[in-house]
Amino acid sequence: MSRKRINYRDYPPNWRELRQQVMERAHWQCEGSPAYPTCRAQNGQPHPVTGSIVMLTTAHLYENDTMTQDISRLRGWCQRCHLHYDRPKHLRRAAETRRQRRLAAGQLMMEYAP
Numbered sequence: 013m014s015r016k017r018i019n020y021r022d023y024p025p026n027w028r029e030l031r032q033q034v035m036e037r038a039h040w041q042c043e044g045s046p047a048y049p050t051c052r053a054q055n056g057q058p059h060p061v062t063g064s065i066v067m068l069t070t071a072h073l074y075e076n077d078t079m080t081q082d083i084s085r086l087r088g089w090c091q092r093c094h095l096h097y098d099r100p101k102h103l104r105r106a107a108e109t110r111r112q113r114r115l116a117a118g119q120l121m122m123e124y125a126p
């Protein structure tokens, strides 16, 4: 499985420092998401529910807010919490990717608006 590389041009120049501040605030454990508010999975340890090794991520609470430098708008989340929170965005992107592929393959007609 390949991991998507972060394009740091989409983030503030001090992104690494901001991420470090978020992780220190979180004491290197998941801060809990709306779906799993009591999650406190520890970075580098097996997740208590999934069993996978936790790699804390920095989540943006607002979509398309990657340039924020306000750490109150960022959360330290385990993969489970982050992926669940971003699920609607991922589903929209996947649907658009499928639509574009079908369009390119000639399986869809271009939408015509008179």
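Using the numbering used here, read the sequence shown as starting at 13 and increasing by one per residue. For glycine and all other residues, C-beta sits at the position ideal for the given N, C-alpha and C. As the structure is a computational prediction, the values presented were derived from the model and not from experiment.
Short of 7 Å from the beta carbon of T78, and not among the five residues preceding or following it, lie these beta carbons of its own chain, in chain order: D22, Y23, H72.
By DSSP's assignment, P58 forms a beta bridge with I65. Residue burial annotation: H94 is buried, with at least 16 other C-beta atoms found within 10 angstroms of its C-beta. Counting along the chain, L103 sits inside the alpha helix (DSSP H) bounded by residues 91-116. Note that the C-beta distance between P46 and Y97 is below 8 Å.
In this structure, W40 keeps its C-beta atom at 8 Å or more from the C-beta atom of L86.
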